[in-house]
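Residue numbers (the numbering used here), protein chains in the order written: chain X, 1 to 141; chain F, 1 to 141. Taking it in order: structure first as structure tokens, then the write-up.
Protein chains: 2
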Amino acid sequence: MQQMAELLKAQKLKVTPQRLAIFKILYETTEHPSAEHIYKRIQATHPTMSLATVYKTLDTLKKAGLVQEFNVGEDSFRYDANVNTHPHMICLTCHQVFDLHTDKLQHIKKYVEPETDFDIDFEKVFFYGTCAKCQKAKEKS
Amino acid sequence: MQQMAELLKAQKLKVTPQRLAIFKILYETTEHPSAEHIYKRIQATHPTMSLATVYKTLDTLKKAGLVQEFNVGEDSFRYDANVNTHPHMICLTCHQVFDLHTDKLQHIKKYVEPETDFDIDFEKVFFYGTCAKCQKAKEKS
DNA sequence: ATAGATGCAAAGTCTTTGCATCAAA
DNA sequence: TTTGATGCAAAGACTTTGCATCTAT
Chain X
1 MQQMAELLKA QKLKVTPQRL AIFKILYETT EHPSAEHIYK RIQATHPTMS LATVYKTLDT
61 LKKAGLVQEF NVGEDSFRYD ANVNTHPHMI CLTCHQVFDL HTDKLQHIKK YVEPETDFDI
121 DFEKVFFYGT CAKCQKAKEK S
Chain F
1 MQQMAELLKA QKLKVTPQRL AIFKILYETT EHPSAEHIYK RIQATHPTMS LATVYKTLDT
61 LKKAGLVQEF NVGEDSFRYD ANVNTHPHMI CLTCHQVFDL HTDKLQHIKK YVEPETDFDI
121 DFEKVFFYGT CAKCQKAKEK S
């Protein structure tokens with residue numbers, strides 16, 4: 001978290017309790033929460049923080065390269081403090097979003113680039129299916 | 001297009017001029033238009049069609065598996081009549097979305113599945129970068 | 001004839017913006 | 001002190017919904 005303050009300073013951004021709190025939530029969860037989720041969770045520690053601040057802060061952090069934003073087909077965006085390129089898996093039953101820890105897709109960018117005339121910077125990969133828990137629930141029924 | 005009527009009938013959906021017109025636009029473009037784009041383009045031939053009908057129709061076609069929907073980070077969804085799993089490339093400069101025709105990623109699902117406890121149905125892959133045209137424009141400047 | 005689709009307007013989400021106040025540097 | 005951040009309310013953008021009318025079957 002100390003590190004977070006440094007990262008903000010490095011971008012010439014002010015270090016505020018709000019920014020630290022939002023980053024902390026994102027840093028400690030694997031749930032890829034939406035702005036609304038973050039807002040609700042933050043009530044416990046920062047009951048006066050407004051939803052607008054959550055949105056503004058997420059935008060600021062995104063532009064600073066400290067969080068990434070994506071949409072898996074829902075009506076709102078989700079956020080992730082892990083800005084490294086990594087695939088996500090979406091359960092079509094419980095709608096949870098998981099990180100996929102694998103090195104198997106490390107080089108798809110370079111693998112694919114010769115096939116195109118694009119200069120590729122990064123990719124986003126989403127796998128859709130059924131998580132372990134929901135698979136078991138279906139077996140029982 | 002005759003085929004489209006058959007596909008609708010197969011789903012026990014009525015074959016209406018509105019549905020055919022929307023599918024035709026999606027089928028003939030490679031632009032991956034949003035609902036609003038489709039609505040504007042459709043004015044030329046169907047000036048009385050409402051935006052609500054465009055949304056309802058896209059939802060119907062999506063549920064029937066005749067179009068796919070995705071969000072590349074914009075404020076609206078885009079639609080594609082090509083429902084086969086295929087990667088998209090997004091130009092971060094001109095914001096156009098292109099299909100990537102390649103067989104290099106045909107098997108990433110099976111390649112990755114052993115690394116997870118998910119039962120994967122399909123994937124969505126997006127490459128972000130600079131298209132050929134925008135690369136050239138930058139060289140000149 | 002009947003079930004279902006369309007079109008319009010209104011409403012519902014999610015997100016952004018304007019502006020006065022407040023806090024970090 | 002100065003610059004930028006926060007919080008509130010209002011506005012904006014995209015999408016959905018309710019309902020009367022119309023149309024495909």
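Built from N, CA and C at the ideal position, the CB exists for glycine as well. All of these numbers come straight from a predicted model, not from anything done at the bench.
Please report the distance separating the alpha-carbon of F:K9 from that of X:G129. Locating residue 9 of chain F in the second sequence gives position 9, where the first residue counts as 1. Locating residue 129 of chain X in the first sequence gives position 129, where the first residue counts as 1. Approximately 28 angstroms, taken between the alpha carbons.
Whole-angstrom distance between F:C134 and F:C94, CA atom to CA atom: Translated into positions along the second sequence, residue 94 of chain F becomes position 94. Translated into positions along the second sequence, residue 134 of chain F becomes position 134. Looking at the two C-alpha atoms, the distance is approximately 7 angstroms.
Closer than 8 angstroms, CB to CB, is X:D117 near chain F or not? Looking up residue 117 of chain X in the first sequence gives position 117. Output row for X:D117: interface = yes.
What are the start and end residues of the beta strand (DSSP E) that includes X:T130? Sequence index remark: in the first sequence, residue 130 of chain X carries index 130 (1-based). Residues 119–130.
I need the DSSP call for X:V112, collapsed to helix, strand or coil. The residue labelled residue 112 of chain X in the question sits at position 112 within the first sequence. Helix at X:V112.
By the criterion of Cβ-Cβ separation under 8 angstroms, what are the contact partners of X:L92 in chain F? As a first step, residue 92 of chain X must be located in the first sequence, where it is residue number 92. What X:L92 touches in chain F: D121.
Rounded C-alpha distance that separates F:D117 from F:D103: In the second sequence, the residue the question calls residue 117 of chain F occupies position 117. In the second sequence, the residue the question calls residue 103 of chain F occupies position 103. Their Cα atoms are separated by approximately 25 angstroms.
Nearest-angstrom Cα separation, counted from X:L61 out to X:Y55: To locate residue 55 of chain X, count along the first sequence from 1; it is residue 55. To locate residue 61 of chain X, count along the first sequence from 1; it is residue 61. Between X:Y55 and X:L61, the C-alpha separation is close to 10 angstroms.
For the stretch 6–19 of chain F, enumerate the residues whose C-beta is nearer than 9 angstroms to any C-beta of chain X, in chain order. none
Checking contacts by CB at 8 angstroms: is X:E58 closer than that to chain F? For this step, residue 58 of chain X is matched to residue 58 along the first sequence. As written in the sequence, residue 58 of chain X is Leu, which differs from the Glu given in the question. Judged by the 8 angstroms Cβ criterion, X:L58 is not in contact with chain F.
For the alpha helix (DSSP H) holding F:L70, just list the boundary residues, first then last. Taking the second sequence and counting its residues from 1, the one referred to as residue 70 of chain F is at position 70. Residue 70 of chain F is actually Phe in this sequence, not Leu. Unbroken run through F:F70 is the beta strand (DSSP E), 68–70; no alpha helix (DSSP H).
With distances taken Cα to Cα, identify the nearest neighbour of F:K110 among F:E123, F:R78, F:R19, F:Q43. If you number the second sequence from 1, residue 110 of chain F lands on position 110. Closest by alpha carbon: F:E123.
Indicate the three-state DSSP secondary structure (helix, strand or coil) for X:D80 in the structure shown. Locating residue 80 of chain X in the first sequence gives position 80, counting from the first residue. Strand at X:D80.
Going along the chain, which residues of its own chain have a beta-carbon closer than 6 angstroms to the beta-carbon of F:I147, five neighbours each way excluded? The question about residue 147 of chain F has no answer, for chain F in this structure spans 1 to 141.
Can you pull the chain F neighbours of X:E69, defined as C-beta to C-beta under 9 angstroms? Counting from 1 along the first sequence, the entry for residue 69 of chain X is found at position 69. The answer, in chain order, is G73.
Going along chain F, which residues have a C-beta under 7 angstroms from X:T102? Against the first sequence, residue 102 of chain X aligns to sequence position 102. Going along chain F in sequence order, the residues near X:T102 (Cβ under 7 angstroms) are V112, E115.
Decide if X:D80 is buried, meaning its Cβ has at least 16 other Cβ atoms within 10 Å, or exposed. Locating residue 80 of chain X in the first sequence gives position 80, where the first residue counts as 1. With 16 or more other Cβ atoms within 10 Å, it is buried.
Would you say F:T30 and F:D99 are within 8 angstroms of each other, going by their C-beta atoms? One-based indexing of the second sequence puts residue 30 of chain F at position 30. One-based indexing of the second sequence puts residue 99 of chain F at position 99. Contact flag set, yes.
So F:H153 is in the alpha helix (DSSP H); what residue range does that whole segment cover? One cannot answer for residue 153 of chain F here, as it falls past the ends of chain F, which runs 1 to 141.
Coarse secondary structure for X:M4, derived from DSSP in three states: What you label residue 4 of chain X is simply residue 4 of the first sequence in a count that begins at 1. Three-state DSSP puts X:M4 in a helix.
Please state whether the Cβ-Cβ distance between F:L13 and F:A64 is less than 8 angstroms. Position 13 of the second sequence holds residue 13 of chain F. Position 64 of the second sequence holds residue 64 of chain F. Yes. Within cutoff.
Following the continuous alpha helix (DSSP H) through X:D59, name the residue where it begins and the one where it ends. Walking along the first sequence from the start, residue 59 of chain X turns up at place 59. 51–63 is the extent of the alpha helix (DSSP H) around X:D59.
If I measure Cβ to Cβ from F:T57 and keep anything under 7 angstroms in the same chain, skipping five residues before and after, which residues do I get? As a working note, residue 57 of chain F is residue 57 in the second sequence. Within the same chain, F:T57 has close Cβ partners Q18, R19, I22.
Give the interface partners of F:G65 over in chain X, defined as CB-CB distance under 7 angstroms, in chain order. As a working note, residue 65 of chain F is residue 65 in the second sequence. Here the premise fails: no neighbours, minimum Cβ distance about 14 angstroms.
Neighbouring residues, chain F, relative to X:F130 (Cβ below 8 angstroms): As a working note, residue 130 of chain X is residue 130 in the first sequence. The sequence as given places Thr at residue 130 of chain X; Phe does not occur at that position. Neighbours of X:T130 on chain F, chain order: F118, D119, D121.
Quick one: is F:P47 buried, meaning 16 or more other Cβ sit within 10 Å of its Cβ, or exposed? By one-based count along the second sequence, residue 47 of chain F stands at place 47. Burial call: exposed.
Three-state class that DSSP yields for X:C91 in the structure shown: By 1-based counting over the first sequence, the position of residue 91 of chain X is 91. Strand at X:C91.
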